[in-house]
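Protein chains in written order, with full-length UniProt numbering: chain A, 1 to 386; chain B, 1 to 386. Don't be surprised by glycine CBs; every beta carbon is placed ideally from N, CA and C.
As structure tokens, then:
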């Protein structure tokens with residue numbers, strides 16, 4: 001717990017308090033966080049200098065002593081841009097500091113790594129233009145579909161054939177603002193903490209499915225990184241011994257049962273037909289297609305087993321399920337709940353809530369925004385969400 | 001991260017630094033930990049008042065300014081007593097502050113909860129007497145074979161039929177010293193951090209097997225507790241869908257494959273004979289008994305799958321395996337390593353070391369000592385290891 005780490009931790013926590021309690025005073029921040037007065041004062045001053053927060057006389061000022069000052073997010077501080085890169089599509093979104101979406105768009109993506117800078121730059125220009133705002137961009141956060149090391153290297157994206165890509169270098173110059181990168185699962189979890197179901201929760205496990213399955217461990221107020229920032233690869237929990245092969249090279253991983261390609265393959269193996277990936281799966285389920293419903297029910301069972309392991313490992317107040325899982329909730333949750341009741345330890349299950357994300361149904365567009373906001377407010381100069 | 005939590009965290013970290021680096025100065029503690037000067041100074045003074053540490057002129061004193069003072073553990077501060085309760089045996093151990101064992105003994109136990117206070121009191125008196133020391137007892141730590149809540153309630157020990165037992169109340173008066181309690185897996189992990197393989201490691205996953213299978217998550221310098229202090233139940237990771245029934249009431253748990261009763265049952269099902277539990281299993285393996293070797297090899301495979309999940313979840317620098325697993329290393333590790341190579345994600349496995357404990361082979365006697373030392377040094381008045 002060294003000084004620069006502590007400063008980052010303090011800065012993020014203080015910004016979070018101000019976001020959660022508009023017109024909070026410095027004294028209240030000190031009470032809520034237990035941080036030193038000097039720490040809070042110096043970080044609040046820095047945020048004010050950066051234009052991220054505003055000071056205003058507090059409505060119900062303390063009668064004794066000098067009138068206290070309320071802090072709140074700045075209403076016109078500039079824009080946060082989020083970019084969510086997936087295998088076949090890229091999401092672009094523009095928000096204010098509060099995470100309120102001003103414009104968003106999902107574009108098809110051909111997976112061309114050589115052309116990615118030009119492609120993303122054009123996407124950002126288009127979405128900022130569509131937002132109608134003329135405010136400057138404060139930061140761009142790019143959410144990536146694979147493990148990201150502390151230096152910004154994207155380790156491996158099997159479905160795109162990318163390996164060991166220096167993304168900060170590749171994306172340099174996509175906007176006239178600092179660019180931050182991070183893993184999509186961690187980013188989506190951070191978005192839940194900032195704008196979603198976990199704003200006041202310091203400990204939760206986030207599991208996300210899309211073209212792959214990822215996640216994040218949000219422990220004691222921050223994303224837990226592990227030895228080299230790769231912790232939280234929840235899609236690669238082993239759920240079946242000698243089970244299906246997984247794109248990671250191993251077998252029996254949760255991702256091999258829960259990812260979009262895995263679901264489509266299983267449905268087709270059983271004679272079903274899902275030409276448009278997850279959209280077709282949802283259509284089939286809504287129309288009562290027996291094969292699709294059967295596969296989703298079995299997936300719910302596998303998911304329930306994995307979530308019960310997570311509950312027994314982490315004793316978490318919340319397990320949050322996002323991405324395609326959230327879209328498929330009506331077809332997964334009965335089997336998942338049955339498995340949880342059988343398999344999770346009662347003393348821990350009784351203290352855990354398993355929830356479906358409301359802000360990350362399908363593509364977690366706010367993940368990139370969370371990366372950008374984390375980068376802008378962390379004050380430590382790092383450009384990688386960890 | 002409130003003040004009392006921070007004080008506990010600071011106190012434990014400072015004591016740990018002094019233990020690791022005898023004759024360290026206050027200034028060096030500040031440099032190593034990044035803590036405030038006033039924090040370090042106040043905690044060091046408190047430790048000195050309590051007789052836990054001694055100040056001595058530092059051998060290689062800084063030439064400029066006043067001579068610096070070296071801190072070290074007190075050589076005659078008093079005794080730490082550890083008590084390790086298991087289903088059929090209780091271990092007693094007496095140590096100094098440095099964890100050096102002065103006397104230890106393992107006694108048979110009939111599992112009688114009503115008589116436990118008398119039984120443990122007599123055991124402590126006997127072991128202290130056997131140690132030959134006349135120093136006072138500073139603290140007693142009792143390591144318990146089940147989930148322990150923050151208030152000291154032992155949730156459930158299936159093998160003993162205990163449920164919701166207020167252990168702090170039951171054990172009141174077993175010695176003229178403060179009594180501290182905790183879960184055996186967490187305690188054994190803390191012992192590794194204090195005296196074993198992880199003294200300089202801030203992040204590791206500890207997995208332990210005996211009559212049950214437990215563990216602990218040691219994250220960012222401390223044991224991670226989760227919503228109600230129950231995190232780390234690694235014996236109840238699901239390893240086989242619709243697998244063997246487990247004493248926790250669920251099925252397919254790692255414990256149902258790795259615990260001593262599970263191993264004995266499987267060996268007997270295959271025609272083997274292990275009348276003396278794990279001792280017989282080890283004898284059989286050493287003698288080349290094919291049934292025993294086969295079962296241990298298969299257990300290594302199951303263990304490898306579980307450990308690969310842990311590596312993919314935590315990206316841990318070290319996974320440490322203790323208790324009976326450490327004793328059975330020669331018979332488990334080939335199959336375990338094969339499974340790890342197939343199943344753990346290479347980007348994480350390459351950064352993880354899977355180790356076998358040297359201080360917790362069989363019964364982790366130092367677990368109770370770790371609970372006692374944690375309690376004595378944490379300065380926050382809590383009597384439960386969390």
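Three-state secondary structure assigned by DSSP to residue 237/B: coil
8 Å Cβ cutoff, residue 1/A in contact with chain B: Only weak support is given to the placement of residue 1/A: the predicted model assigns it a pLDDT of 46, under 50, and the value that follows is read from those uncertain coordinates. So yes, residue 1/A belongs to the interface.
Residues near residue 329/B by beta carbon distance below 6 Å, same chain, minus five either side: 356
Residue 89/B in three-state terms, based on DSSP: strand
Closer than 7 Å at the beta carbon, the chain B residues around residue 351/A: 227, 228
Proximity of residue 370/A and residue 167/A at Cβ, strictly below 8 Å: no
Terminal residues of the beta strand (DSSP E) in which residue 102/B lies: 101 to 108
Residue 26/B burial status per 10 Å Cβ neighbour count (16 or more: buried): buried
Residue burial classification, residue 275/B (beta-carbon count within 10 angstroms, cutoff 16): exposed
Those residues which DSSP pairs with residue 200/A across a bridge: Note: residue 200/A sits in no beta bridge, so no partner.
Limits of the unbroken alpha helix (DSSP H) element including residue 329/B: 329 to 343
Sequence-distant residues of its chain with Cβ nearer than 6 Å to residue 158/B (five each side left out): 247
Cβ of residue 305/A within 8 Å of any chain B Cβ: yes
For residue 208/B, three-class secondary structure by DSSP: strand
For residue 109/B, the nearest candidate out of 103/B, 90/B, 115/B (CA to CA): 90/B
Straight-line Cα distance separating residue 362/A from residue 263/A: 15 Å
Reduced DSSP secondary structure (H/G/I, E/B, other) of residue 31/A: helix
C-beta atoms of residue 406/B and residue 143/B nearer than 8 Å: The displayed coordinates of chain B run from 1 to 386. Any statement about residue 406/B would go beyond what the structure contains.
Heavy atom of the ligand GTP within 7 Å of residue 275/B beta-carbon: Only the bare structure without any ligand can be found here, which leaves the ligand GTP out of the picture.
Chain B within 8 Å of residue 378/A, Cβ atoms only: no
Own chain partners of residue 1/A with C-beta closer than 7 Å, once the 5 adjacent residues on each side are dropped: Residue confidence is low: residue 1/A scores 46 on pLDDT, short of 50, so the model does not pin down where it sits. Its coordinate-derived value is still stated next. Result list for residue 1/A: empty, nothing under 7 Å.
Classification of residue 152/A by the beta-carbon crowding that lies within 10 angstroms, buried from 16 upward: buried
Span of the beta strand (DSSP E), counted from its first residue to its last, around residue 216/B: 213 to 219
Sub-8 Å separation of residue 343/B and residue 303/B beta-carbons: no
Assigned secondary structure, residue 138/B (DSSP; H/G/I helix, E/B strand, else coil): strand
Residue of 289/A, 252/A, 249/A minimising C-alpha distance to residue 268/A: 289/A
Meets three-Cβ-pair contact criterion under 8 Å: the segment 177 to 186 of chain B and the segment 216 to 236 of chain B: yes
Chain-ordered neighbours of residue 203/B on chain A, where CB pairs are closer than 8 Å: 226, 227
Straight-line Cα distance separating residue 307/A from residue 336/A: 9 Å
Whole-angstrom distance between residue 49/B and residue 351/B, CA atom to CA atom: 42 Å
Residue from 227/B, 105/B, 221/B, 192/B with nearest C-alpha to residue 312/A: 227/B
CA-to-CA distance, residue 35/A to residue 18/A, given in whole angstroms: 14 Å
Beta carbon of residue 385/B nearer than 8 Å to that of residue 182/B: yes
Neighbour list for residue 193/B in chain C, Cβ cutoff strictly below 8 Å: Protein chains A and B are contained in the structure displayed, whereas chain C is not.
Chain A contacts from the UniProt domain "HTH marR-type" (13 to 63) of chain B (Cβ-Cβ distance under 9 Å): 13, 33, 34, 35, 36
Endpoints, the alpha helix (DSSP H) within which residue 267/B is located: 260 to 269
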